[in-house]
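Here the structure is laid out as structure tokens; the discussion comes afterwards.
Residue numbers (the numbering used here): 7 to 475.
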């Protein structure tokens, strides 16, 4: 057998049906996040009419434009407030209930939030709409922690990065589905828009029905519950190989080290030298995703395309989901730029989905061991949702005062994050969780003696050789 054939056989054996099924069901949570991010965009004018009509019926006087704009911005941004709370609560769930069971339990929030949004028009209640967005945001915030953590812990080391990108794929598909369903010929009408918002109930029910057939994270079972045999059986089934001794031993070593360490709190992530650098990297990458301006476009792309001179902005939104920042800056002045704007979107989306889109979500799980991982996911997720909230809340006002030049601010942020990533973010491909953790611990020791720099230390580690091929 040639080396190339050995590598090919390794990948064929390890991509099993149970593994694909478990990851696919988990990414329904990512789909939910994407769907509820994009769903508020297309029916913007219809929902504003609902807010206007409902408030006028109550007070018998038309609400001011300032009040309408504030309520609309709150309806958009309250989703991120829920996300912040949810993301910071990840550790409370995963350490007590496990990764799979946590995903199962929180679907109750998705059903509750979907019902509130779905029935808000019948009840003529603005409060139900806003509360529903808050609850669905809480659910999505939890999912942004659960899904990449679960995928990272059940995936083979060699395929962890590839499967990690499926989390972002689920988000993108969710946004696309929301934009398509938001068309006037489907659910984006004055009568059906509550169904558009309440549709989130259906994926929640599907995931609830399928999750019992998915295994719990073997790392959680062995390290947290000490159930070695069960973890071994799950690994063998998921990875399609009997030889998982090396992986089990790595988990046991990590479990032993965890038992010797004190409980890692959020504050400890910033105090302990061996956690400080990875948590800073995690936070900066999450900020780079949101401050790229991507969610400003997800939330408000219909209005942006309309200002750019696009006759049917909702179709342009569906075609790409985002608008290219550079071309948006000048699109107000040249009618032909509206067509270039749509074409340039594909380039922006491609580069976003290669880097700032998927990587911040799953690299957090790679940079931390089993003990600090839930707290790290909570901090990183909260950073993402906080910046998401600020962008969603402040973008309309910033666009009002700066016009299209507001995207220059995002461009400046992107330059800063590019420099940070180039100099500070290590390569984790092909390395086990244990190797990455030891590398950061080694940085602390060598740093005090003025030896190798952090990135040289990390990147000097050779990827784990697979002995199962």
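Think of the CB as a built atom: it goes at the ideal place given N, C-alpha and C, for glycine as much as any other residue.
Just so you know, these numbers come straight off a predicted model, no measurement behind them.
Coarse secondary structure for residue 259, derived from DSSP in three states: For the purposes of this step, residue 259 is taken as residue 253 along the chain shown, with counting starting at 1. Residue 259: helix per DSSP, three-state reduction.
Quick check on this structure: which residue in 262, 32, 401 has the alpha carbon closest to the alpha carbon of residue 413? Within the chain shown, the letter at position 407 stands for residue 413. Closest by alpha carbon: 401.
Please list the terminal residues of the continuous alpha helix (DSSP H) segment that includes residue 74. On the chain shown, position 68 is the one that residue 74 refers to. Looking at the DSSP string, the run of the alpha helix (DSSP H) that includes residue 74 is 71-94.
Looking at the unbroken alpha helix (DSSP H) that takes in residue 4, where does it start and where does it end? The requested residue 4 does not occur in the structure, where the chain is confined to residues 7 to 475.
Proximal residues to residue 392 (C-beta, below 7 Å), its chain only, five neighbours per side dropped: Start at 1 with the first residue of the chain shown, and residue 392 comes out as number 386. For residue 392, where only same-chain residues beyond five positions count, the Cβ hits under 7 Å are 90.
Residue 81 versus residue 139: straight-line alpha-carbon distance, rounded: Walking along the chain shown from the start, residue 81 turns up at place 75. Walking along the chain shown from the start, residue 139 turns up at place 133. Spanning the two alpha carbons is a distance of roughly 7 Å.
Count the other CB atoms within 10 Å of the CB of residue 123; is the residue buried (16 or more) or exposed (fewer)? Position 117 of the chain shown, counted from the start, is the residue given in the question as residue 123. The residue is buried, with at least 16 neighbouring Cβ atoms inside 10 Å.
Which residue from 225, 184, 364 puts its Cα closest to that of residue 255? By 1-based counting over the chain shown, the position of residue 255 is 249. Answer by Cα proximity: 225.
Taking the C-alpha atoms as reference points, what is the distance between residue 380 and residue 105? Your numbering for residue 380 matches position 374 in the chain shown. Your numbering for residue 105 matches position 99 in the chain shown. So the two alpha carbons sit approximately 10 Å from each other.
Would you call the CB atoms of residue 362 and residue 295 closer than 8 Å? Locating residue 362 in the chain shown gives position 356, counting from the first residue. Locating residue 295 in the chain shown gives position 289, counting from the first residue. Yes; because the gap between Cβ atoms is below 8 Å, this pair is in contact.
Are there 16 or more other CB atoms within 10 angstroms of the CB of residue 407, so buried, or fewer, so exposed? The count along the chain shown starts at 1 and reaches residue 407 at position 401. Exposed, because fewer than 16 other Cβ atoms sit within 10 Å of the Cβ of residue 407.
Do residue 29 and residue 157 have their beta-carbon atoms positioned less than 8 Å apart in this structure? As a working note, residue 157 is residue 151 in the chain shown. As a working note, residue 29 is residue 23 in the chain shown. A contact, by the Cβ cut-off of 8 Å.
Got a sec, what are the start and stop residues for the alpha helix (DSSP H) residue 46 sits in? On the chain shown, residue 46 is found 40 positions in, with the first residue counted as 1. Taken as a continuous stretch (DSSP letters only), residue 46 belongs to no alpha helix (DSSP H), as it is neither H nor E.
For residue 23, which residues from the same chain have a beta carbon less than 6 Å from its beta carbon, with the 5 sequence-adjacent residues on both sides left out? As a working mapping, residue 23 is identified with position 17 in the chain shown. Spatial neighbours of residue 23 in its own chain (CB-CB distance under 6 Å, excluding positions within 5 residues in sequence) are not present.
Quick check on DSSP: helix, strand or coil for residue 190? In the chain shown, the residue the question calls residue 190 occupies position 184. DSSP places residue 190 in coil when its eight states are reduced to three.
Where residue 383 and residue 151 are concerned, what is the direct C-alpha to C-alpha distance, given to the nearest angstrom? Mapped onto the chain shown, residue 383 falls at position 377. Mapped onto the chain shown, residue 151 falls at position 145. Here the C-alpha atom of residue 383 lies approximately 6 Å from the C-alpha atom of residue 151.
Beta-carbon proximity of residue 126 to residue 200, cut-off 8 Å: Along the chain shown, one-based indexing puts residue 126 at 120. Along the chain shown, one-based indexing puts residue 200 at 194. Closer than 8 Å, so yes.
What's the gap between the Cα of residue 193 and the Cα of residue 51? As a first step, residue 193 must be located in the chain shown, where it is residue number 187. As a first step, residue 51 must be located in the chain shown, where it is residue number 45. Their Cα atoms are separated by approximately 14 Å.
Residue nearest to residue 373 in terms of C-alpha spacing, selected from 286, 241, 299: Residue numbering aside, residue 373 sits at position 367 when the chain shown is read from its first letter. Among 286, 241, 299, the Cα nearest to that of residue 373 is on 286.
How would you call residue 232, buried or exposed, if buried means at least 16 neighbouring beta carbons within 10 angstroms? Against the chain shown, residue 232 aligns to sequence position 226. That one is exposed.
Rounded to whole angstroms, what is the Cα-Cα separation between residue 419 and residue 299? For the purposes of this step, residue 419 is identified with residue 413 of the chain shown, where counting begins at 1. For the purposes of this step, residue 299 is identified with residue 293 of the chain shown, where counting begins at 1. Counting only the Cα atoms, residue 299 lies some 9 Å from residue 419.
What are the boundary residues of the alpha helix (DSSP H) that includes residue 281? Indexing the chain shown from 1 puts residue 281 at position 275. Counting along the chain, the alpha helix (DSSP H) containing residue 281 begins and ends at 279-296.
For the alpha helix (DSSP H) containing residue 384, list its first residue and its last residue. As a working note, residue 384 is residue 378 in the chain shown. Its alpha helix (DSSP H) spans residues 379-408.
Residues near residue 378 by beta carbon distance below 8 Å, same chain, minus five either side: Residue numbering aside, residue 378 sits at position 372 when the chain shown is read from its first letter. 270, 274, 275, 281, listed in sequence order.
Here's the rule I'm using: 16 or more other beta-carbon atoms within 10 Å means buried, otherwise exposed. How should residue 253 be labelled? As a first step, residue 253 must be located in the chain shown, where it is residue number 247. Counting Cβ neighbours within 10 Å, residue 253 comes out buried, since at least 16 surround it.
Does the distance from the C-beta atom of residue 85 to that of residue 42 stay below 8 Å? Along the chain shown, one-based indexing puts residue 85 at 79. Along the chain shown, one-based indexing puts residue 42 at 36. Yes; because the gap between Cβ atoms is below 8 Å, this pair is in contact.
Would you kindly report the start and end of the unbroken alpha helix (DSSP H) that includes residue 197? Here residue 197 is taken as the residue at index 191 of the chain shown, counted from 1. In this chain, residue 197 is not harboured by any alpha helix (DSSP H), its DSSP state being neither H nor E.
Is residue 143 closer than 8 Å to residue 92 when the C-beta atoms are compared? By 1-based counting over the chain shown, the position of residue 92 is 86. By 1-based counting over the chain shown, the position of residue 143 is 137. Result yes, Cβ atoms of residue 92 and residue 143 sit closer than 8 Å.
Along the chain, where does the alpha helix (DSSP H) containing residue 239 start, and where does it finish? Along the chain shown, one-based indexing puts residue 239 at 233. Unbroken alpha helix (DSSP H) run through residue 239: 234-245.
CA-CA distance, residue 167 and residue 430? The count along the chain shown starts at 1 and reaches residue 167 at position 161. The count along the chain shown starts at 1 and reaches residue 430 at position 424. About 19 Å.
Going by other Cβ atoms of all chains shown within 10 Å of its Cβ, with 16 needed for buried, is residue 38 buried or exposed? As a working mapping, residue 38 is identified with position 32 in the chain shown. Counting Cβ neighbours within 10 Å, residue 38 comes out buried, since at least 16 surround it.
Where residue 25 falls, given that 16 or more other Cβ within 10 Å makes a residue buried: Within the chain shown, the letter at position 19 stands for residue 25. Of the other Cβ atoms in all chains shown, 16 or more fall within 10 Å of the Cβ of residue 25; this residue is therefore buried.
Pick out whichever of 112, 404, 365 has its Cα sitting closest to the Cα of residue 386. Along the chain shown, one-based indexing puts residue 386 at 380. For residue 386, the closest of 112, 404, 365 by C-alpha to C-alpha distance is 365.
If you drop the 5 nearest sequence neighbours on each side, which residues of the same chain put their C-beta closer than 7 Å to that of residue 416? As a working note, residue 416 is residue 410 in the chain shown. Closer than 7 Å at Cβ, skipping near neighbours: 297, 298, 299, 331.
Under the three-state reduction of DSSP, which class applies to residue 364: helix, strand or coil? For the purposes of this step, residue 364 is taken as residue 358 along the chain shown, with counting starting at 1. For residue 364, the secondary structure class from DSSP, reduced to helix, strand or coil, is coil.
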